Amino acid sequence: MWEYTDKVMDLFYNPRNQGTITEKGEGQAITTGEVGSIACGDALRLHLKVDEKTEIILDARFQTFGCASAIASSSALTELLVGKTLDEALSLTNKEIADFLGGLPEEKMHCSVMGQEALEAAIFNYRGIPLDNHEDDEGALICRCFGVTDSRIRRIVL
Amino acid sequence: MRDCIYLDNNATTQIDEEVLGAMMPYLTLYYGNPSSMHTFGGQVGKAVKTAREQVASLLGAEPSEIIFTSCGTEGDNAAIRAALTAQPNKRHIITTEVEHPAVLNLCRHLEKQGYTVTYLGVDSQGRLDLDEVQASITGGTALVTIMYANNETGVVFPIEQVGALAKEYGALFHVDAVQAVGKIPLDMSSSTIDMLTLSGHKVHGPKGIGALYVRKGTRFRPFMVGGHQERGRRAGTENVPGIVALGKACELAESHLANISHERQLRDYLETSILTLIPDTVVNGSTKERLPNTTNIGFKYIEGEAILLSMNQYGICASSGSACTSGSLEPSHVLRAMGLPYSVLHGSIRFSLSRYTTQDEIDRVIEVLPDTIARLRSLSPFSSD
Amino acid sequence: MRDCIYLDNNATTQIDEEVLGAMMPYLTLYYGNPSSMHTFGGQVGKAVKTAREQVASLLGAEPSEIIFTSCGTEGDNAAIRAALTAQPNKRHIITTEVEHPAVLNLCRHLEKQGYTVTYLGVDSQGRLDLDEVQASITGGTALVTIMYANNETGVVFPIEQVGALAKEYGALFHVDAVQAVGKIPLDMSSSTIDMLTLSGHKVHGPKGIGALYVRKGTRFRPFMVGGHQERGRRAGTENVPGIVALGKACELAESHLANISHERQLRDYLETSILTLIPDTVVNGSTKERLPNTTNIGFKYIEGEAILLSMNQYGICASSGSACTSGSLEPSHVLRAMGLPYSVLHGSIRFSLSRYTTQDEIDRVIEVLPDTIARLRSLSPFSSD
Ligand SMILES: Cc1ncc(COP(=O)(O)O)c(C=O)c1O
Ligand SMILES: Cc1ncc(COP(=O)(O)O)c(C=O)c1O
Ligand code: FES
Ligand code: FES
Chain A
1 MWEYTDKVMD LFYNPRNQGT ITEKGEGQAI TTGEVGSIAC GDALRLHLKV
51 DEKTEIILDA RFQTFGCASA IASSSALTEL LVGKTLDEAL SLTNKEIADF
101 LGGLPEEKMH CSVMGQEALE AAIFNYRGIP LDNHEDDEGA LICRCFGVTD
151 SRIRRIVL
Chain B
1001 MRDCIYLDNN ATTQIDEEVL GAMMPYLTLY YGNPSSMHTF GGQVGKAVKT
1051 AREQVASLLG AEPSEIIFTS CGTEGDNAAI RAALTAQPNK RHIITTEVEH
1101 PAVLNLCRHL EKQGYTVTYL GVDSQGRLDL DEVQASITGG TALVTIMYAN
1151 NETGVVFPIE QVGALAKEYG ALFHVDAVQA VGKIPLDMSS STIDMLTLSG
1201 HKVHGPKGIG ALYVRKGTRF RPFMVGGHQE RGRRAGTENV PGIVALGKAC
1251 ELAESHLANI SHERQLRDYL ETSILTLIPD TVVNGSTKER LPNTTNIGFK
1301 YIEGEAILLS MNQYGICASS GSACTSGSLE PSHVLRAMGL PYSVLHGSIR
1351 FSLSRYTTQD EIDRVIEVLP DTIARLRSLS PFSSD
Chain C
2001 MRDCIYLDNN ATTQIDEEVL GAMMPYLTLY YGNPSSMHTF GGQVGKAVKT
2051 AREQVASLLG AEPSEIIFTS CGTEGDNAAI RAALTAQPNK RHIITTEVEH
2101 PAVLNLCRHL EKQGYTVTYL GVDSQGRLDL DEVQASITGG TALVTIMYAN
2151 NETGVVFPIE QVGALAKEYG ALFHVDAVQA VGKIPLDMSS STIDMLTLSG
2201 HKVHGPKGIG ALYVRKGTRF RPFMVGGHQE RGRRAGTENV PGIVALGKAC
2251 ELAESHLANI SHERQLRDYL ETSILTLIPD TVVNGSTKER LPNTTNIGFK
2301 YIEGEAILLS MNQYGICASS GSACTSGSLE PSHVLRAMGL PYSVLHGSIR
2351 FSLSRYTTQD EIDRVIEVLP DTIARLRSLS PFSSD
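Protein chains in written order, with my numbering: chain A, 1 to 158; chain B, 1001 to 1385; chain C, 2001 to 2385.
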């Protein structure tokens, strides 16, 4: 049995900001980022509403297919994003997501990486930057889900 | 956790009160070593003898054909090693892709030591193809080792047909019956099985005890080497309380076999209700040849751990995959071998009942499960696709 | 058998009431599988963790260095096999002639598989000769496996000196401490020992549980292959009640170590009284380096089984040789290795005390034993010689 923190369990049972964003006002843009697939066993679709002038994230929503920590990580991510500029958001690490949750079991750290990657995808989509699919990563696959490797997690965590 | 609705009986079971009653004196007063000379040890020896008879009776075997072990895994390891040692010139093993890790990982290990292993596949219903057995078996096959019933799906294999083929080619035949014992009547006296594994904690006995049936006349070398306990076939001071408990558990299991429809009815009710009330659900594995207590259900578009933890909130205990693999992130090797689609693979839950399961408990599951599944689906990016 | 004067604690011991109390909830309420996902299984996981810490504490080890096994025999088998697998190019083992069958018979078995085994002898006091160790060890020695203390005589070996030699030659060092644990303070953190075996039922825990200490960094391949329990080092559903019980037993043993003089005083009193009151008696084994609870006494000119059965009449339980071999007619291999004269060899009795042994019980033994021995001697053709 995984040792989940109370915060993880709370956000799993009562996730904040689930769903999609469809409405936007003037001067606002909606962007999405998606990682993972059903084949892998986890996937996250992140929706952001961005103020085009200030690049401030006004709203963040998620849809997640995955385990309890994937759902909690997604919820945490959306809470951390609102109010940040895109540049500030880009510097968000998966460790901050994990910290927000009071920690994740080591085997589950990649669930938080998924959030960080979906964020990157959403912002790159918004800015029209092509997505790099991390194929250069070395090390054993520890989550087949979307090619996150050991070394990448370590890099991101450290 | 009195309020737990325990539907994880293929992982482990509750000790029956009578079993506990039978073992208690051997945890307290009668602590002697059955191998000792003094009466104090000797009394204990008699209790071990009775237990051996009880286990033998459930299997339709003779007491001398029963070796007590510490668990199902030990039984599997001991049987497979013994079969290979007895036939040093044969280097081929036949097993299936859906065995418990106790057999599967040992076979993988033996491959590294120069054995050739055929892993029989299963169809999308989890069933074996006898033609595949026939096609792979040769005179050089030392051992056919397959499970009686699968722990994840409950699917029961055509044991005697496989055994007949094994006999025809002179291979030894071992059956991991950890999940079948107590749920299906077994009779070794009319069987093709040479060795059969069972585990105490799956039949309302305690953890830490199991047994291996070895047909009279089968050459057997001990896995655990040391003292001459179990007539030289399993060294180590006998786990007397465990043995006595296993004996009683087998006696109770034998008499309960007549009422096994209790589990079957509740299981069927649970299964039908889920399929009816919750959209996008499927039963994994053949429903024809199946253990009466088990159903494995795929909830499409959501993930198993999330389902388990949500049910856990309501005190409902079930599992995804076997307990042995639930610590890992891999989807079940059994469901993968069945070639299930990904939408099902990751969201499958095993419900396994016992003679203690009640109608009220199943009603409660049926009451809370639809909303639980709906909530998780509302979080998923796929369900609306 | 409440009235039994139980002086056979090296064969097996009574479960301590506190130990029983600790394990009971895990035989009744908390039956979950610690590998399961649900809280019900998870709770049980915590109890296993505590038990691991308790065992580690008694040994001065880290919890991650403890692997739970089913008995001492399994620990010995697992350690010896693992040591050999880890060093496939080294084919030499050093052990002693006086090991328990769990080690001795396994070594004999390994000889048939191409290993060379040196069986170190002992002197007439049951002591090892370090020069012999030095003379037999080479760079090709995979493993030195010796017991901490002998189960029949209680003689304690110079473990750290042997271990230092093992280290010097790059051999792994396994110690069967089944009889030493709880009777002698142990501290793995300052020891040369790589692996150490213990057994629950020798330390007022239940039968069916044991542990193997494996020093951090030691390459270890599981003996029992299967699921990933015990961090992949011992497959099989954890014997939770047994594990919890062993933890408590180790905790109690640790605190009792300060009062071990209880056993020593009673043992010395028993020994001195026998030697004084009964002619033609000798103590077998060195009385210097010896377990505090054990005395092995040779009653010349009469036969062990007859003595045991006569004592049994008075409700006194002791043993001749180890329980494992007591079903055989052979005199003890330990006493034979010591080269004792035949007159002693066949009439030797081991008295092994515990923290439950009382002065009254010893008094009673001293009261009845002289007449018992005299009666048997009056039947013997040799005693009048
Ligand atoms: C020194 C020694 N080693 C090993 C064992 C075997 O332990 P177990 O009976 O728990 O397998 C015993 C006791 O029987 C023993 O005294
Ligand atoms: C089919 C099957 N075989 C073997 C085992 C192993 O039994 P044990 O956990 O008693 O070692 C299990 C259960 O875990 C099982 O379901
Ligand atoms: S996202 Fe949690 S296990 Fe892969
Ligand atoms: S006379 Fe009884 S054992 Fe030899």
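Virtual Cβ for every residue (Gly too), placed ideally from N, Cα, C.
Since the model is a prediction, treat every value here as computed from it, not as a measurement.
(1) T1218/B and L1172/B - do their beta-carbons sit closer together than 9 Å?
(2) Touch check for the stretch 2195-2215 of chain C and the stretch 1059-1067 of chain B: three-plus C-beta pairs under 8 Å?
(3) Alpha carbons only, please: which of S37/A, A76/A, L92/A, E88/A is nearest the one belonging to F65/A?
(4) Closer than 7 Å between beta carbons: that is the criterion. Which residues of the stretch 63-95 of chain A meet it against chain B?
(5) In this structure, how does DSSP classify K49/A when only helix, strand and coil are distinguished?
(6) Per DSSP, which one or two residues make a beta bridge with M2147/C?
(7) Grab me the residues of G2045/C's own chain with a C-beta within less than 6 Å of its C-beta, minus the 5 sequence neighbours each way, in chain order.
(8) Hey, which unbroken runs of the beta strand (DSSP E) at 3 residues or more fall wholly within the stretch 2333-2362 of chain C?
(9) Ligand 2 heavy atoms versus the CB of T2218/C: any closer than 8 Å?
(10) Under the DSSP definition of a beta bridge, which residues are partnered with H2092/C?
(11) Does the distance between the C-beta of V1204/B and the nearest non-hydrogen atom of ligand 2 fall short of 8 Å?
(12) If the cut-off is 9 Å on Cβ atoms, which residues from the stretch 2286-2320 of chain C count as contacting chain B, listed in chain order?
(13) Quick one: does I21/A have its CB under 9 Å from some CB of chain B?
(14) Could you spell out the range, first to last residue, of the alpha helix (DSSP H) harbouring L2165/C?
(15) At the 9 Å Cβ level, is A1374/B part of the contact set with chain A, yes or no?
(16) Look up R1215/B in the DSSP assignment and say whether it is helix, strand or coil.
(17) Any chance the CB of T2073/C is under 8 Å from a heavy atom of ligand 1?
(18) Helix or strand or just coil, what does DSSP make of Q1087/B?
(19) With which residues is D42/A paired in a DSSP beta bridge?
(20) Residue range of the alpha helix (DSSP H) that F100/A falls in?
(21) Across which residues does DSSP place Q28/A in a beta bridge pair?
(22) Applying a beta-carbon distance threshold of less than 8 Å, which residues of chain C neighbour E1074/B?
(23) Residues in the same chain with beta-carbon distance under 8 Å from E1132/B, minus the five sequence neighbours each way, listed in chain order, please.
(24) Is Q1179/B near ligand 5, going by C-beta to nearest heavy atom under 8 Å?
(25) List in chain order: all unbroken beta strand (DSSP E) runs of 3+ residues lying wholly within the stretch 2283-2315 of chain C.
(26) What's the C-alpha gap between A1078/B and R1221/B?
(27) V1055/B and L1198/B - do their beta-carbons sit closer together than 9 Å?
(28) Answer yes or no: do I129/A and G115/A have a C-beta to C-beta separation smaller than 9 Å?
(29) Quick check: P1381/B and Q63/A, are their CB atoms within less than 9 Å of each other?
(30) Hey, does H1174/B have any beta-carbon neighbour from chain C nearer than 9 Å?
(31) Should N2151/C be listed as close to ligand 1, given that the test is whether its C-beta is under 8 Å from any heavy atom?
(32) Helix, strand or coil for T1281/B per DSSP?
(33) Quick check on this structure: which residue in D87/A, G103/A, V82/A has the alpha carbon closest to the alpha carbon of E120/A?
(34) Under 9 Å between C-beta atoms, does P1370/B make it to chain A?
(35) Among T1138/B, N1259/B, T1192/B, K1167/B, which has the Cα closest to the Cα of L1059/B?
(36) Ends of the beta strand (DSSP E) at I2066/C?
Short version:
(1) yes
(2) no
(3) S37/A
(4) Q63, T64, F65, G66, C67, A68, I71
(5) strand
(6) D2176/C
(7) P2034
(8) 2348-2352
(9) no
(10) T2116/C, T2141/C
(11) Note that residue 1204/B corresponds to His in the displayed sequence, not to Val. H1204/B: no, Cβ never under 8 Å from ligand 2.
(12) G2304, E2305, L2308, L2309, M2311, N2312, G2315, I2316, C2317, A2318, S2319, S2320
(13) no
(14) 2159-2168
(15) no
(16) coil
(17) yes
(18) coil
(19) S37/A
(20) 94-100
(21) D51/A
(22) S2070, M2224, G2236
(23) L1120, G1121
(24) As far as ligands go, the structure on display features ligand 1, ligand 2, ligand 3 and ligand 4 and does not contain ligand 5.
(25) 2294-2299
(26) 8 Å
(27) yes
(28) no
(29) yes
(30) no
(31) yes
(32) strand
(33) D87/A
(34) no
(35) T1192/B
(36) 2066-2069
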